[in-house]
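Undergrad: Structure below; questions to follow.
Protein chains: 2
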Amino acid sequence: MARSGPTEDALDAAFSPELFQSLCDPTRLALLRALLRSRVPESVGVLAERCPVDVSVVSRHLRALHDAGLVSREKRGKEVFYKVEAHAFAQTLRALADLIEHGCGHAHDTTE
Amino acid sequence: MARSGPTEDALDAAFSPELFQSLCDPTRLALLRALLRSRVPESVGVLAERCPVDVSVVSRHLRALHDAGLVSREKRGKEVFYKVEAHAFAQTLRALADLIEHGCGHAHDTTE
DNA sequence: CCATTAATTGCATCGTGACGCAAACGTGCA
DNA sequence: TGCACGTTTGCGTCACGATGCAATTAATGG
Numbered sequence: 008m009a010r011s012g013p014t015e016d017a018l019d020a021a022f023s024p025e026l027f028q029s030l031c032d033p034t035r036l037a038l039l040r041a042l043l044r045s046r047v048p049e050s051v052g053v054l055a056e057r058c059p060v061d062v063s064v065v066s067r068h069l070r071a072l073h074d075a076g077l078v079s080r081e082k083r084g085k086e087v088f089y090k091v092e093a094h095a096f097a098q099t100l101r102a103l104a105d106l107i108e109h110g111c112g113h114a115h116d117t118t119e
Numbered sequence: 008m009a010r011s012g013p014t015e016d017a018l019d020a021a022f023s024p025e026l027f028q029s030l031c032d033p034t035r036l037a038l039l040r041a042l043l044r045s046r047v048p049e050s051v052g053v054l055a056e057r058c059p060v061d062v063s064v065v066s067r068h069l070r071a072l073h074d075a076g077l078v079s080r081e082k083r084g085k086e087v088f089y090k091v092e093a094h095a096f097a098q099t100l101r102a103l104a105d106l107i108e109h110g111c112g113h114a115h116d117t118t119e
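Chains as they are written, first to last, in our numbering: chain F, 8 to 119; chain R, 8 to 119.
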């Protein structure tokens, strides 16, 4: 077996279901869009007003997005605010794009 | 909110469920990885050998990926070959990344 | 024209995830 | 301390997608 470099693992890691699983649900995408539109952190209740689903559902979805590392959580008083981890999210997507285009031939350093 | 700039529509378009729906399934991701590893088009049968699922399932998944515009289809004889539309795919992801980072943050209203 | 191989489609099954409601939890305030 | 508000969690239900198998279609060779 010719040396399978860390590049194959990069593919596996980048295309792991975990990332996309959190993005496949329409409601989660709607929440993400809502968070992207208002760059300021939003509370669960406010976000729930912008989705036609129960607040408990919103809470669960936000947790899922948080587990996926796409949003960050901050508790203030009795409210919980979420905001998109824009940089990390964008970098993940760009790394993915590089991997797709420049294939598995050469390793690309995407760290800044 | 009277005037919705083009930014909002871009968000809606970019974060449409259609794209991510096709990426959320583990088997589809495995097929995508397999296709990315061998840059040359692969037949349904060959791809099925690399997945622990029935060939009919593979056929269906490839069709889904094709519908999403991520792979292209070419029929040669009785075999059908698929390959990743690497450039389009990568560009989509980069556009997404740009949208996330500089999308609608500072351009609050952009009353054009 | 028939046999063979590859791919697709019909169909039934099964598991998983989204959802709503209600109860529980936590925090702040009177 | 007790109440009110915001969030989370438990739980039952439901719908949808993934899967396998069998039948069908398409293409090639004898």
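The beta carbon of each residue, even a glycine, is placed where N, CA and C say it ideally should be.
Would H68/F be called buried (16 or more neighbouring beta carbons within 10 Å of its own) or exposed?
TA: It is buried - the Cβ of H68/F has at least 16 other Cβ atoms within 10 Å.
Undergrad: Can you check which of these residues, L30/F, S66/F and V91/F, is closest to V47/F by C-alpha distance?
TA: The candidate whose alpha carbon is nearest that of V47/F is V91/F.
Undergrad: Got a sec? Which residues, its chain only, sit under 6 Å from A55/F by beta carbon, not counting five neighbours each side?
TA: Contacts found: V62 and V65.
Undergrad: Does the distance between the C-beta of A21/F and the nearest non-hydrogen atom of the ligand SAM fall short of 8 Å?
TA: In terms of ligand content, the structure shown is empty, and the ligand SAM therefore cannot be addressed.
Undergrad: Residues in the same chain with beta-carbon distance under 8 Å from H73/R, minus the five sequence neighbours each way, listed in chain order, please.
TA: Only S79, R80 and Y89 meet the Cβ criterion.
Undergrad: Three-state secondary structure (DSSP) at V78/F?
TA: Reduced to three states, the DSSP call for V78/F is strand.
Undergrad: Would you call the segment 18 to 31 of chain R and the segment 19 to 37 of chain F touching, i.e. three or more CB-CB distances under 8 Å?
TA: Contact between the segment 18 to 31 of chain R and the segment 19 to 37 of chain F is present, because at least three Cβ pairs lie under 8 Å.
Undergrad: In this structure, does DSSP put R83/R in helix, strand or coil?
TA: Of the three classes helix, strand and coil, the one that applies to R83/R here is strand, per DSSP.
Undergrad: Once DSSP output is grouped into helix, strand and coil, what is the label at I107/R?
TA: Here I107/R sits in helix by DSSP.
Undergrad: Just how far apart, CA to CA, sit E49/F and L43/F?
TA: In a straight line, the C-alpha of E49/F is about 10 Å away from that of L43/F.
Undergrad: Have a look at G76/F, R83/F and R57/F and flag the residue whose alpha-carbon is nearest the alpha-carbon of F96/F.
TA: Of the listed residues, the one whose Cα sits closest to F96/F is G76/F.
Undergrad: Spatial neighbours of L36/R within its chain, please: CB distance less than 7 Å, with the 5 preceding and 5 following residues excluded, ordered by chain position.
TA: Here the set comprises L30.
Undergrad: So within the segment 49 to 78 of chain F, which uninterrupted alpha helix (DSSP H) runs reach at least 4 residues, ignoring any that extend past its ends?
TA: Within the segment 49 to 78 of chain F, the complete alpha helix (DSSP H) runs of at least 4 residues are 51 to 56 and 62 to 74.
Undergrad: Taking any Cβ of chain F, which residues in the segment 87 to 98 of chain R have a Cβ under 8 Å from it, in chain order?
TA: Hits within the stretch, in order: V91, A93, H94, F96, A97 and Q98.
Undergrad: Taking F22/F as part of the alpha helix (DSSP H), name the residues at either end of that continuous run.
TA: Taken as a continuous stretch (DSSP letters only), F22/F belongs to no alpha helix (DSSP H), as it is neither H nor E.
Undergrad: Please confirm whether P24/R has its beta-carbon closer than 9 Å to some beta-carbon of chain F.
TA: It does: the Cβ of P24/R has a partner Cβ on chain F nearer than 9 Å.
Undergrad: Of all Cβ atoms in chain R, is any one closer than 9 Å to the Cβ of A71/F?
TA: So no, A71/F is outside the interface.
Undergrad: What does D19/F touch in chain R if you count any residue whose Cβ is under 8 Å from its own?
TA: Those are R40, listed as they occur along chain R.
Undergrad: Closer than 7 Å by C-beta to A71/R: which residues in its own chain qualify, once you throw out the five before and the five after it? Chain order, please.
TA: Taken in chain order, the residues that qualify are S29 and R35.
Undergrad: What does the Cβ neighbour count give for A41/F, buried or exposed, with the cut at 16 atoms within 10 Å?
TA: When all chains shown are included, A41/F counts as buried.
Undergrad: Among the residues of its own chain, which have a CB less than 8 Å from the CB of G52/F, if the five just before and after it don't count?
TA: Only V62 and E86 meet the Cβ criterion.
Undergrad: Per DSSP, which residues does V91/F bridge with? Please list them.
TA: Its beta-bridge partners are V78/F.
Undergrad: If you follow the alpha helix (DSSP H) that L43/F is in, where does it begin and where does it stop?
TA: L43/F -> alpha helix (DSSP H) spans P33 to R44.
Undergrad: Short check: CB of A104/F to CB of E108/R, under 9 Å?
TA: Taking 9 Å as the Cβ cut-off, A104/F and E108/R do not qualify as a contacting pair.
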